Each structure stands twice: as C-alpha cells, then as structure tokens.
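Numbering (the working numbering), first residue to last: 1247 to 1799.
Even for Gly, the Cβ is constructed at its ideal location relative to N, Cα and C.
What you are looking at is a predicted structure, and each value in this text was computed from that prediction instead of being measured.
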C-alpha cells in the first residue's frame, strides 16, 4: 500500500508485486507542499524585484482555458457535480477553471512583477476545452478571448500586454483555422484580433499584421518578438486537406524577419503555442514532419540562429472533449544548435485540467542581448480552498543547478537527466508545478524498480526533449511512434490514450504488453480503449506510472 499526501490531496494506491516491483512504493509528503511563511514569500519577491543592474523582467502566462460556464450545466467539467464546483469557486483539479482563478493569477503576478516588469506575455489557449459543447462556440470563444485580455489589462494597467499568440482551443472548434492565404485577411483572425485590441491587449500595428495569418512582429525596447501561428502546422489541424508547403507564407516571413534582425544586429525571441517535435505523454507528433524540418532549417541556420535569443511556447494542444494531457514545465533542445543559440522553454499552465498546480512565471532577461537570465515559477497548490493563494515555487537556476540558460548548458543538463540522479529528481519534482507525476517514479532512488526499465523510460523522455521528427525520435529512443494518420477518425484524446499504451508496450516483455501490441496490429483500437482507457486516465490523475496501473488491473 502506498500513501502520498501533498497539499490537501491524499492518494491511496495498491501496487502488485509483479516483475517490476520488489516492494510497494511508500512516499509521504508534508501537508504543506511548500513553506508558506511570510518570510519565504517576502524574500522570494524581494529577490525578484531587485534583479541585476542590467536585467529586466516580464510576466509569462499561458493556457488559462477559462470556462465561463463553470457553474452551469454547460460546464466543461461534466465529471464533477455542481455542488462540488460551487464549493471550489477558484476551480478544482482536473477541470478547466472559472475566470476567478485567472483574475487571481493576474493580480498575484502584477503584485510580484511590479515595479520591474517590462511587459506581459501570453502564449495561447484562452478558451476552455469542449468548445463544441458551448451554446454558441463562435461567439463564446471570441468573448472568452476578449474577457481574458480585459482582465489582463485591468491587472496590468501601465504595462504592454502581448496577447496575440493563439492556441488550438482559440477557435470555434479545436484546431480549426481556415487557410485563407489568397485573401487579404482571415475573418476569424480579424474577429479575435479586434477583440484583443479593443481590450488593450494588442497594438494597432500588430492588429494590422495579425488579421492575415495571426503571426506578427512587435518590439519591446530593443527586443524583437516574433509571434508565430503554430496550429496550422499541427497534425490535428482542421479542416483536413492537402498540406501546403508554407501556410500563410509564414516560414518565408520568419526567415526574412530574422535576416533583417541579423543585418541590424537585433536579437529576437520566437514565441508560439504548440512547439514542434514530440509530446511527452503518448510520444506522438505535434507538427507534421515537413513543417518540423522547414522550421529547423531556419532556426538552425548558422547565420540566423545565433540571433534567436530564446524560444517560448505554451503547451497542451487540445481536441474534441479533451486534449494533450501535458500542461507541464519542460525544456526543448535543437538537434544541431548554432553557436550561441538561445534556450527553448515550454511553460506549465494556469488550467489544472491535466493535473498540475496552476502557475505563472516571472522571467529575467538582458534587455540588450535578449538572453534569458532566469525563470521564477509561482504556483497555487491550494487554489481549491475558498481563497486561492499564490506562492513562490522554484527558481530554474537554483533548482536545476544551472550556471546559465544557454542551449549548451541545457544540453549538459539533459545528459544529467538521463542519469536519473539528483538533477533528474529535482526536475521531475517540478514537472507538474509541484503536483505528483509519473516522471518522479523513474529516478534512481524511486522505490526498487528495475533499473533498466527506469533508464528506458528516462531515455524515451530525454529523446523527446530534442525537437525531432517522429523518425528521428524513433532512432533515438528505440520505440515507434503511433502516427495520427493510423487513427484518422478518433478524437485527439483517444488517439493519445492509444499512443500511450503503444509506447509503453514497446518497452515491456510482459504478456500484457504483448496483448496490447497484438490488438494494435489487428487495428482493434476500440477494444484497446474499452480495456485500458480508464487505467491510462487514472495513471495521469494519480501521478502513478502506467505500468503499475496496468499490472494491478
């Protein structure tokens, strides 16, 4: 029997002693996940406000997934009854949150970021999941985007807010963006851009660019920011059709903007929502491979690449009823980074729908070179209480023992992750912003699991941290990727469930793994879902390794 207590959560799980397990896992956390005394909070915030003489800060929010119908029969979270939700006015784990949690996070980040923050960045997914279940998805989605933008401007009255990056949920249907290359503007982008602009979240010159393809260039001080449209590259992009070589001409535009920046000696940030590469839940593709290759050709260019000081993405694109169950803090690496290439980070979300504590970041950077100096993450691990509170979570440099945030330093760090020692344990502990997660069970010290098995799981994860096509990932990890075209008519979440089962089965010689592979080879996808979907969901919810859920079934 394993009992784990973190915050108000108590998870009790029975584990079988089969093959992988030598003894049950027992892990106890104190009731308070983090120290909450005033001294800690004051010290953390004072350190953030002080900064180096040559540094600046910005506030980073992402993936709010606000549900205006949280306390109605039209709510996203149908698995929870209204009486329970009424008792949790700021939201509840496993559900998209009400606007109240968003406003609480904005107020906390405004207080923490003042007076040093230069601007506020939002990297997409304003809108809740289950978009089609809202009464008027077209109008409801645009209204949520406007409401989030207004709430930000009310909290950050004197700061520029950069709210033009769109996520896959920011439409009338998940992943739906019509390709209108031959038109001067796109009606949906025009509608959302106008909504953001009217609430103070978009400059007029940005709106003028935005309405064509939703990508744009803006400047904050000496820093150039290129915000990309990434939904158009997704393997789940709708409507389906033949792939264009360069949708909206964005790759051509990106190369041109980088060429101009390099000629002018200006450093650039690239921001977007869906990162290229492989997601780390089911190890499936995020972008079509030809778009990954086209992107890498640009950002790894030996002349242009050094001028990209950082790449920042939101995460967890969703489809249909649910989406990618990630929403976690991660980094990414380029396979062949040019000299002085800046780091790539994906941020954990505000929405707790995929079992992470709500979070936001205060990011320190050099305003001249654009180089990132540090990231500080703040979380609310008691947001389910009558009053949500926000506390200092962790400092990237200190928590991971980094000398800096260069691509080279992060490459060295990922090598330490593969070893499974202290660096890995520290990384895994904050992967879900302090909430229990599966990665924690693959460290060297985690229970008495088979060491080879844990190493295989770490290798699979580390291989996915490098931006690769599915083929390159397979060569790195030794496991095959379940392609989206193999399951074309299933909801995204169901495809991810199957991908998760498939990636697990390839690393195991157990009879159950052979059964999964046999059913997959026979295209018995519905039978696999019937047998194992609930177990995969429970694994995500509990932070328990999938193998323990399957072996105890």
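By how many angstroms is the C-alpha of residue j removed from the C-alpha of residue i?
| i | j | result |
| --- | --- | --- |
| residue 1385 | residue 1645 | 43 Å |
| residue 1521 | residue 1621 | 19 Å |
| residue 1756 | residue 1781 | 17 Å |
| residue 1788 | residue 1350 | 26 Å |
| residue 1568 | residue 1300 | Any reading at residue 1568 needs caution, since the residue's pLDDT is 42, under 50, leaving its predicted position unreliable; the model's value is listed next. Looking at the two C-alpha atoms, the distance is approximately 43 Å. |
| residue 1445 | residue 1405 | 13 Å |
| residue 1387 | residue 1417 | 6 Å |
| residue 1348 | residue 1358 | 15 Å |
| residue 1690 | residue 1670 | 9 Å |
| residue 1618 | residue 1609 | 7 Å |
| residue 1607 | residue 1761 | 43 Å |
| residue 1792 | residue 1493 | 38 Å |
| residue 1343 | residue 1554 | 34 Å |
| residue 1327 | residue 1337 | 13 Å |
| residue 1633 | residue 1353 | 13 Å |
| residue 1380 | residue 1319 | 10 Å |
Can you tell me the Cβ-Cβ gap for residue i and residue j, rounded? I've got them flagged as a contact below 8 Å.
| i | j | result |
| --- | --- | --- |
| residue 1305 | residue 1366 | 5 Å |
| residue 1524 | residue 1751 | Contact flag wrong, Cβ pair sits at about 17 Å. |
| residue 1475 | residue 1459 | 6 Å |
| residue 1661 | residue 1674 | About 16 Å; that fails the 8 Å criterion. |
| residue 1527 | residue 1796 | Their Cβ separation, rounded to whole angstroms, is 16 Å, which puts residue 1527 and residue 1796 out of contact at 8 Å. |
| residue 1684 | residue 1798 | Actually they do not touch by this definition, with Cβ atoms about 15 Å apart. |
| residue 1464 | residue 1550 | So it is not a contact: roughly 19 Å between Cβ atoms. |
Apart from the five residues on each side of it in sequence, which residues of its chain come closer than 8 Å, Cβ to Cβ, to residue i?
| i | result |
| --- | --- |
| residue 1723 | 1529, 1705, 1706, 1709, 1710 |
| residue 1676 | 1575, 1623, 1639, 1640, 1645 |
| residue 1581 | 1542, 1546, 1712, 1713, 1714, 1718 |
| residue 1744 | 1528, 1728, 1733, 1736, 1766, 1771, 1774, 1775 |
| residue 1389 | 1314, 1441 |
| residue 1434 | 1417, 1418, 1423, 1424 |
| residue 1613 | 1300, 1301, 1302, 1364, 1467, 1468, 1469 |
| residue 1658 | none |
| residue 1496 | 1459, 1461, 1474, 1475, 1478 |
| residue 1548 | 1584, 1585 |
| residue 1498 | 1492 |
Excluding the 5 residues flanking residue i on each side, which residues of the same chain have their C-beta closer than 6 Å to its C-beta?
| i | result |
| --- | --- |
| residue 1470 | 1507, 1512, 1514 |
| residue 1295 | At residue 1295 the pLDDT is 48, less than 50, meaning the model places this residue with poor confidence and gives no usable figure here. |
| residue 1765 | 1773, 1774 |
| residue 1643 | 1620 |
| residue 1293 | Any reading at residue 1293 must be qualified, since the residue scores a pLDDT of 47, below 50, and its modelled position is unreliable; the value itself is stated next. There are no such residues. |
| residue 1426 | 1432 |
| residue 1402 | 1356, 1366 |
| residue 1785 | 1792, 1795 |
| residue 1412 | 1370, 1460 |
Compare the C-alpha of residue i against each of the options and name the closest.
| i | options | result |
| --- | --- | --- |
| residue 1468 | 1615, 1391, 1426 | 1615 |
| residue 1602 | 1584, 1759, 1561, 1489 | 1561 |
| residue 1713 | 1537, 1598, 1325 | 1537 |
| residue 1697 | 1444, 1664, 1741, 1339 | 1664 |
| residue 1535 | 1489, 1555, 1670, 1776 | 1489 |
| residue 1731 | 1598, 1483, 1497, 1466 | 1483 |
| residue 1700 | 1794, 1595, 1309, 1604 | 1794 |
| residue 1355 | 1635, 1318, 1343 | 1635 |
| residue 1596 | 1302, 1307, 1303 | 1307 |
| residue 1309 | 1758, 1315, 1682, 1369 | 1369 |
| residue 1391 | 1436, 1431, 1688, 1464 | 1436 |
| residue 1629 | 1650, 1613, 1345 | 1345 |
| residue 1339 | 1633, 1599, 1394 | 1599 |
| residue 1591 | 1666, 1649, 1558 | 1558 |
| residue 1666 | 1315, 1322, 1302, 1692 | 1692 |
| residue 1605 | 1625, 1777, 1593, 1394 | 1625 |
| residue 1746 | 1779, 1449, 1341 | 1779 |
| residue 1758 | 1769, 1396, 1777 | 1777 |
| residue 1540 | 1491, 1594, 1611 | 1491 |
| residue 1805 | 1544, 1556, 1678 | Since the displayed the chain opens at 1247 and closes at 1799, residue 1805 lies outside it and no answer follows. |
Residues in its own chain within less than 7 Å of residue i by CB, not counting five upstream and five downstream?
| i | result |
| --- | --- |
| residue 1429 | none |
| residue 1480 | 1414, 1421, 1520, 1532, 1533, 1563 |
| residue 1656 | 1577, 1579, 1589 |
| residue 1462 | 1410, 1452, 1455, 1456, 1473 |
| residue 1586 | 1552 |
| residue 1466 | 1364, 1365, 1406 |
| residue 1287 | Note that residue 1287 scores a pLDDT of 48, beneath 50, so its modelled location is shaky and nothing firm can be said. |
| residue 1394 | 1310, 1312, 1348, 1372 |
| residue 1653 | 1579, 1580, 1583, 1587, 1588, 1589 |
| residue 1726 | 1720, 1752 |
| residue 1447 | 1395, 1398, 1399, 1407, 1409 |
| residue 1566 | Confidence at residue 1566 is low in this model, with a pLDDT of 34, below 50, so its placement is unreliable and the value that follows should be read with caution. Excluding sequence neighbours, residue 1566 sits near 1420, 1737, 1738, 1739. |
Please confirm if residue i has its CB atom under 9 Å from at least one CB of chain B.
| i | result |
| --- | --- |
| residue 1392 | Going by chain labels, chain B is absent from the structure shown, which holds only one protein chain. |
Three or more C-beta pairs under 8 Å: does that hold for the segment 1497-1508 against the segment 1440-1451? Not touching, per the Cβ criterion.
Does the structure place the segment 1374-1385 close enough to the segment 1330-1339 that three or more beta carbon pairs sit under 8 Å? Touching, no, given that fewer than three Cβ pairs across the two stretches are closer than 8 Å.
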